[in-house]
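Student: Have a look at this one.
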Amino acid sequence: MPLNARIFRGISLPISLILLFFTMLIFPAPVLTGASKGLLLWFNTVLPTLFPFILICNLMLSTKAIDLLLALTRPVFCRLFGVSPYGSFAVLAGFLCGYPMGAKVTADLYRQEKIEKTEAAYLLSFCNNTSPMFILSFLVMQNLKDDRLKLPTLAILFLSPVIISFGCRPFSKKSTGTYRNISSQPSYASLSDALDFSIGNALESITKVGVYIMIFAILTELAGLFPFSGSFPGFILLSCLEVTNGITMFCQSGIDRDITYILCLFITSFGGLCAAAQTASMIKGTGIPMYDYLIKKLATALVASLLAALYLYLF
């Protein structure tokens with residue numbers, strides 16, 4: 009890397025943080041508004057819907073329950089996606105539980121030496137998605153307000169990562185039983201011990217998710233103060249920060265309904281930068297490349313947009 013580039017890289021982050029600090033001091037009202045919105049979103053929606061799934065997944069991974077569940081997921085997902093039995097559990101969690109459960113379960117399986125790194129990267133490319141509950145309730149019913157779009161929207165947003173998985177599958181490697189040792193799987197003497205660990209891990213994970221939601225809610229409010237926020241590039245940038253805010257912005261923008269639908273499916277499939285930050289937190293220390301995940305999520309979002317446009321054209 010050239011010397012000038014290294015110098016710029018070394019000072020860019022400190023300067024950005026200092027500018028953000030003074031911006032927050034000068035404009036405390038947007039900071040308070042963003043923090044309040046983020047906290048309410050986390051407390052009213054994310055905490056009650058996501059925390060139980062994190063807890064039960066932790067318990068299953070810590071007990072023999074996971075082996076019984078694999079008997080159900082293995083016959084379908086192993087053949088369809090070319091994953092190992094434990095990888096099939098990550099597929100189930102990633103498609104049904106919402107961000108960032110797919111990333112968390114994948115990382116946990118890798119840390120417990122149940123899957124290899126290549127399979128973990130493959131799983132992350134398609135099984136960290138928006139939950140069906142969010143798609144149906146928030147996207148379709150609250151914002152698009154068209155019950156006829158329930159099944160098509162659900163089908164498009166489920167089919168898009170499946171298509172991406174077929175493209176990524178030739179480069180994956182199914183786990184064979186010999187794993188790289190990152191951390192040994194914890195051993196619990198009783199259900200009480202497993203429950204204590206699961207609760208602590210779930211609380212840590214859900215707290216991180218809440219803090220990231222608050223951070224991006226504050227950034228969204230502050231970014232709205234700048235003149236560029238009223239332009240089309242600024243509008244797209246703001247909408248990509250956080251998925252719930254992005255969907256609301258698209259639906260309230262007054263643009264053509266068909267374009268709104270396509271844009272909403274794009275941001276829902278991508279998940280926004282907030283979901284990406286949550287994902288990075290969940291896979292931290294595993295060595296799974298984050299840039300590869302972002303490229304695959306953008307590809308998934310483009311596929312979802314194309315499928316949405318095709319649906320609108322045909323129906």
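Position 119, counted from 1, in the sequence shown is what the working numbering calls 127; the numbers after and before it change by one each time, with no gaps. Idealized CB from N, CA, C, for every residue including glycine. Here the structure is a predicted model, which is why all the values come from computation and not from measurement.
#1: Does E229 come out as helix, strand or coil in the three-state DSSP assignment?
#2: Evaluate the contact criterion for the region 86-99 versus the region 108-126: three or more CB pairs, one atom per stretch, below 8 Å.
#3: Are there 16 or more other CB atoms within 10 angstroms of the CB of T186, so buried, or fewer, so exposed?
#4: Return the chain-ordered list of same chain residues with a C-beta closer than 7 Å to the C-beta of A316, the five sequence neighbours on each side being excluded.
#5: Inspect the beta-carbon positions of S70 and S206 and report whether they are closer than 8 Å.
#6: Could you check whether I64 and S213 sit closer than 8 Å to each other, using their CB atoms as the reference points?
#7: Can you tell me the Cα-Cα spacing of P22 and F29, whole angstroms?
#8: So, helix, strand or coil for N253, using DSSP?
#9: Can you tell me where the alpha helix (DSSP H) holding P297 begins and where it ends?
#10: If I follow the unbroken alpha helix (DSSP H) through M68, where does it start and stop?
#11: Within 8 Å, do at least three Cβ pairs link the region 208-224 to the region 41-49?
#12: Where does D264 sit, in a helix, a strand or coil, going by DSSP?
#13: What's the call for T215, buried or exposed, on a 16-neighbour Cβ count within 10 Å?
#14: On the three-state DSSP scale, how would you describe T186?
#15: Can you look up F35 in the DSSP assignment and give me helix, strand or coil?
#16: Between P60 and P169, what straight-line distance do the alpha-carbon atoms span, to the nearest angstrom?
#17: List the endpoints of the continuous alpha helix (DSSP H) containing T138.
#18: Using 8 Å as the cut-off, can you tell me whether the region 249-256 makes contact with the region 66-84, which would need three or more C-beta pairs spanning the two stretches below that distance?
#19: May I ask you to report which of helix, strand or coil DSSP gives D154?
#20: Give me the Cα-Cα distance between I244 and A231, rounded to the nearest whole angstrom.
#21: Out of S239, I171 and L246, point me to the one whose CA is closest to E229's CA.
#22: Check whether the Cβ atoms of F276 and L88 lie closer than 8 Å to each other.
#23: Three-state secondary structure (DSSP) at S247?
#24: Count the other CB atoms within 10 Å of the CB of N52; is the residue buried (16 or more) or exposed (fewer)?
#25: Suppose you measure from the CA of C135 to the CA of D266; what does that come to, to the nearest Å?
#26: Could you pull the start and end residues of the alpha helix (DSSP H) that V113 belongs to?
Tutor: Reading it off the structure:
#1: helix
#2: Judged by Cβ distances under 8 Å, the region 86-99 makes contact with the region 108-126, as three or more pairs qualify.
#3: Summary for T186: the model assigns pLDDT 41, below 50, so the residue's position carries little reliability; its value from the coordinates is reported in the next sentence. Label assigned to T186: exposed.
#4: Taking A316 as the centre and dropping the five residues before and after it, the same chain places the C-beta of I164, Y269, I270 and L273 closer than 7 Å to its C-beta, in chain order.
#5: yes
#6: no
#7: 11 Å
#8: helix
#9: Looking at the DSSP string, P297 is not in any alpha helix (DSSP H), and its letter there is neither H nor E.
#10: L55 to S70
#11: Verdict: yes, contact present.
#12: coil
#13: exposed
#14: Unreliable placement is indicated for T186, whose pLDDT of 41 sits below 50; the coordinate value is still reported in the next sentence. T186: coil per DSSP, three-state reduction.
#15: coil
#16: Rounded to the nearest angstrom, the two C-alpha atoms are 25 Å apart.
#17: First-last for T138: undefined, no H or E at that position.
#18: no
#19: coil
#20: 12 Å
#21: Nearest in C-alpha terms to E229, of all of S239, I171 and L246, is L246.
#22: The identity of residue 276 in the sequence shown is Thr, whereas the question assumes Phe. No, the Cβ-Cβ distance between T276 and L88 is not below 8 Å.
#23: helix
#24: exposed
#25: 27 Å
#26: M109 to R119
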